[in-house]
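Undergrad: Questions regarding the structure given below will be posed in turn.
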Amino acid sequence: MNFDFKDPLEGLPPLKTDICDSHVHIWDADAFSDLEKWGHMFGVKRFMGIAQPDVKKTLEQNGKASDIVFAYYLPMQAFAEKKPERIVEAVDEAHSLNYSLTKTWFGPRQIDFYNTEKLVSIADPIFEPVFSRIEDYGLPLDIHVADPDIWYSTKYQDSERYRTKTQAINEFNEVLERHPSLKVISVHFGSLPEIHNLIKLEEIFKKFTNFYIDTASTKWIVRELGKDPQQARDFIIRNQDRILFATDLSVGWADRSEKYFPTRYWAQRIFWETNVRKVKLPFSDEDNLNPPTFINGLNLPQSVLDRFYWQNAEKFFK
Ligand SMILES: [Zn+2]
Numbered sequence: 141m142n143f144d145f146k147d148p149l150e151g152l153p154p155l156k157t158d159i160c161d162s163h164v165h166i167w168d169a170d171a172f173s174d175l176e177k178w179g180h181m182f183g184v185k186r187f188m189g190i191a192q193p194d195v196k197k198t199l200e201q202n203g204k205a206s207d208i209v210f211a212y213y214l215p216m217q218a219f220a221e222k223k224p225e226r227i228v229e230a231v232d233e234a235h236s237l238n239y240s241l242t243k244t245w246f247g248p249r250q251i252d253f254y255n256t257e258k259l260v261s262i263a264d265p266i267f268e269p270v271f272s273r274i275e276d277y278g279l280p281l282d283i284h285v286a287d288p289d290i291w292y293s294t295k296y297q298d299s300e301r302y303r304t305k306t307q308a309i310n311e312f313n314e315v316l317e318r319h320p321s322l323k324v325i326s327v328h329f330g331s332l333p334e335i336h337n338l339i340k341l342e343e344i345f346k347k348f349t350n351f352y353i354d355t356a357s358t359k360w361i362v363r364e365l366g367k368d369p370q371q372a373r374d375f376i377i378r379n380q381d382r383i384l385f386a387t388d389l390s391v392g393w394a395d396r397s398e399k400y401f402p403t404r405y406w407a408q409r410i411f412w413e414t415n416v417r418k419v420k421l422p423f424s425d426e427d428n429l430n431p432p433t434f435i436n437g438l439n440l441p442q443s444v445l446d447r448f449y450w451q452n453a454e455k456f457f458k
């Protein structure tokens, strides 16, 4: 089996639930129609969209308010440069503009993007007013905490500069400890989809009842969980209430090939819904040190798919 652009649903079982894509980036209101078109084809009826205020406003004027739950991107530069007042102002704006969530990103590359002297820790007490304000408003936080294990052993070998993945994860856990009512989605499977990390991830689920994860970044998730489909499947079944389907697709930022949307939706649906083995991922995975990346399907039970595709998002974003 292979992805076929002429028949993009090939190999997929009939879908028995609606899908919410709980992590997309909408940089331009007009560009949303591409994502919407391809999403609909694969059964996506709702999106959690990260969008700037002007983009959100235009989409609402275009009648899209009921299709999109909006997240406000907090200023990353203000985190990198340790300017909490600026971030608190942004949280206030998110609240006053009726956003449903806040979003932030804490990848180690922050230090390269903003050319700061030292990579900041999310647990730095200077950011306490930010998380307290988010918690006070009852705004959930969608957050990128760390990067693939592979990156730490390739691009981030300088652990003085980029710090370690364990540090990043532990520091975010400190924030969760201080803010027990803060509801979070830690994206990319909590940054821990590597099979050996699932034990750690399950401990976090047990410790923090407001902690959820999404399945965004198709290649990272499919590559790592697919290394041991049985363990991955058991893990998802045990934690089925805390996982939200998502892609991290992005529209309006850069020109994308027409295959960008359908290949991600197809690969994820094949991965979750079927028991295929060694189907080639239909797009490149430059992170894989032993290419190509294959899809080894998890064949999740229907009751789990119902939660994971729709009910968990419905509950979380209500
Ligand atoms: Zn994202």
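Using the working numbering, the first residue of the sequence shown is number 141, and each one after it goes up by one.
Even for Gly, the Cβ is constructed at its ideal location relative to N, Cα and C.
This one's a predicted model, so the numbers in the text were calculated from it and none came from an experiment.
Determine whether the beta carbon atoms of residue 166 and residue 191 lie at a separation below 9 Å.
TA: Here residue 166 corresponds to residue number 26 of the sequence shown, with the count starting at 1. Here residue 191 corresponds to residue number 51 of the sequence shown, with the count starting at 1. Closer than 9 Å, so yes.
Undergrad: Looking at residue 247 and residue 401, is the spacing between their C-beta atoms short of 9 Å?
TA: In the sequence shown, counting from the first residue as 1, residue 401 sits at position 261. In the sequence shown, counting from the first residue as 1, residue 247 sits at position 107. No, the pair does not count as a contact, with Cβ atoms beyond the cut-off.
Undergrad: How about the segment 371 to 379 and the segment 142 to 162: do they share at least three Cβ pairs that are nearer than 8 Å?
TA: Short answer: they don't touch.
Undergrad: Looking at the unbroken beta strand (DSSP E) that takes in residue 251, where does it start and where does it end?
TA: The residue labelled residue 251 in the question sits at position 111 within the sequence shown. No beta strand (DSSP E) holds residue 251; the alpha helix (DSSP H) holding it covers 250 to 254.
Undergrad: Could you give the distance in angstroms between the alpha-carbon of residue 356 and the alpha-carbon of residue 268?
TA: Within the sequence shown, the letter at position 216 stands for residue 356. Within the sequence shown, the letter at position 128 stands for residue 268. Cα to Cα, the separation comes out at about 27 Å.
Undergrad: Would you be able to state if there are at least three C-beta pairs under 8 Å between the segment 426 to 435 and the segment 283 to 296?
TA: In short, these stretches touch, since the Cβ pair count reaches three.
Undergrad: Nearest chain C C-beta to residue 241 closer than 9 Å, yes or no?
TA: Structure shown: chain C not included; a single protein chain is present.
Undergrad: Where do the ends of the beta strand (DSSP E) carrying residue 141 lie?
TA: Position 1 of the sequence shown, counted from the start, is the residue given in the question as residue 141. From DSSP, residue 141 is part of no beta strand (DSSP E); its letter is neither H nor E.
Undergrad: What are the residues that DSSP puts in a beta bridge with residue 151?
TA: Locating residue 151 in the sequence shown gives position 11, counting from the first residue. None, per the DSSP bridge assignment.
Undergrad: Verify the contact flag: residue 327, CB atom, against every heavy atom of ligand 1, threshold strictly below 8 Å.
TA: To locate residue 327, count along the sequence shown from 1; it is residue 187. Checking the Cβ of residue 327 against ligand 1 gives yes.
Undergrad: Quick check: does the Cβ of residue 190 come within less than 8 Å of any heavy atom belonging to ligand 1?
TA: To locate residue 190, count along the sequence shown from 1; it is residue 50. Indeed, a heavy atom of ligand 1 lies less than 8 Å from the Cβ.
Undergrad: Using a Cβ-based criterion (distance less than 8 Å to any ligand heavy atom), does residue 168 qualify as near ligand 1?
TA: The residue you call residue 168 lines up with position 28 of the sequence shown. No, Cβ of residue 168 sits at least 8 Å from all heavy atoms of ligand 1.
Undergrad: Looking at residue 390 and ligand 1, is the gap between the Cβ and the nearest heavy atom below 8 Å?
TA: In the sequence shown, counting from the first residue as 1, residue 390 sits at position 250. Within the cutoff, so yes.
Undergrad: For residue 321, count neighbouring C-beta atoms within 10 Å of its own C-beta (all shown protein chains included) and say buried if the count is 16 or more, exposed if not.
TA: Here residue 321 refers to the residue found at position 181 when the sequence shown is read from its first residue. Exposed.
Undergrad: For residue 223, does the three-state DSSP call read helix, strand or coil?
TA: Taking the first residue of the sequence shown as position 1, residue 223 is located at position 83. DSSP places residue 223 in coil when its eight states are reduced to three.
Undergrad: So who's on the other strand from residue 240, going by DSSP bridges?
TA: Against the sequence shown, residue 240 aligns to sequence position 100. Per DSSP, none; premise fails for residue 240.
Undergrad: Does the segment 379 to 393 come within contact of the segment 333 to 353, defined as at least 3 CB pairs closer than 8 Å?
TA: These segments touch.
Undergrad: Let me know the alpha helix (DSSP H) ranges lying completely inside the segment 271 to 301, each 4 residues or longer, listed in chain order.
TA: DSSP runs (the alpha helix (DSSP H)) wholly in the segment 271 to 301: 289 to 293.
Undergrad: Residues in its own chain within less than 6 Å of residue 282 by CB, not counting five upstream and five downstream?
TA: Residue mapping note: residue 282 aligns to position 142 of the sequence shown, counting from 1. Here the set comprises 211, 241, 243 and 325.
Undergrad: Alpha carbon to alpha carbon, how far is residue 440 from residue 229?
TA: If you number the sequence shown from 1, residue 440 lands on position 300. If you number the sequence shown from 1, residue 229 lands on position 89. About 43 Å.
Undergrad: Give the secondary structure of residue 389 by DSSP, where H, G and I count as helix, E and B as strand, and everything else as coil.
TA: For the purposes of this step, residue 389 is identified with residue 249 of the sequence shown, where counting begins at 1. Strand, per DSSP.
Undergrad: How about the segment 255 to 271 and the segment 215 to 225: do they share at least three Cβ pairs that are nearer than 8 Å?
TA: Verdict: yes, contact present.
Undergrad: Using only CA atoms, which one of 279, 335, 245 and 284 lies nearest to residue 235?
TA: Here residue 235 corresponds to residue number 95 of the sequence shown, with the count starting at 1. When each option's Cα is compared against that of residue 235, the closest is 279.
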